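Here is the structure we will look at, set down as structure tokens.
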Amino acid sequence: MLDVRQSRELQATVLALRQADRGIRLSINRSSRTRLRPIWQQELARRARTRMEQRVIAAGARATASDRGVSVMAATSRRPLAGGLVPADEWAGVEFGARTQVVRVRQRSRRGRTYTRPLTINRQFRSRRPHGMIAFDAASEVGTRIVALWVKGVVDEFKAIDTVEVVA
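So for the sequence shown, our numbering puts the first residue at 1; every next one is plus one.
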């Protein structure tokens, strides 16, 4: 990903935003969010193949822009899905996958006897991938484009403000 400490242009953008009036800064951040969010959401939706991936990863997609930089987030929804899964807490299985395992569980019969039986878990997830499949992949591909759009939006807003002040 991009590092602000390595780019003079990004440093200049952040410093210009920090020096701007609060109203100008807020309007720049608002317009940046409206430009960046659809790009991030489209990229996540394109990568999410199954309904579960759509509901867990893509449904909670957000993008924020401020004088601290640009952030993209996925799986931020705190609302439990039908089975009880909370996307913000339990997104890792969908993003990174999981290994199918057979575990022994203890159960009690209707008559009150306890017994153990094998149970296969993690079948609903794709196979394990250490670098992510949806959000991490999308962020690595779209990250530089989103930051470039943010910088362009900030520069355009400052140009618009300069022309208004010169005319007035």
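Ideal Cβ placement from N, Cα and C applies to all residues, glycine included. Small disclaimer: the values here were computed from a predicted structure and weren't measured.
- Message: For a test of the three-state rule: what should DSSP assign to residue 174, helix, strand or coil?
- Response: Since the first residue of the chain shown is 1 and the last is 168, residue 174 is not available in this structure.
- Entirely within the stretch 68-122 and at least 3 residues each: give me those beta strand (DSSP E) ranges in chain order. 69-73, 101-108, 114-121
- Between residue 62 and residue 76, is the Cβ-Cβ spacing less than 8 Å? yes
- Proximity winner among 149, 123, 125, 3, relative to residue 33 (alpha-carbon distances): 149
- Message: Assuming the contact rule is C-beta atoms closer than 8 Å, residue 65 and residue 87 should be a hit. Round their C-beta distance to whole Å, please.
- Response: Going by Cβ atoms, the distance from residue 65 to residue 87 rounds to 23 Å, so no, they are not a contact pair.
- Item | Where residue 133 sits in the DSSP three-state scheme | coil
- CB-CB under 8 Å to residue 155, same chain, minus the five flanking residues each way: which ones, in chain order? 13
- Pairwise C-alpha distance: residue 43 and residue 37: 10 Å
- Segment limits, alpha helix (DSSP H) that includes residue 13: 8-19
- Proximity to residue 80 [Cα-Cα], best of 52, 111, 99, 110: 52
- Task: Identify, in the order they occur along the chain, each residue of the same chain with its Cβ nearer than 8 Å to the Cβ of residue 16, setting aside the five sequence neighbours on each side.
- Result: 154, 158
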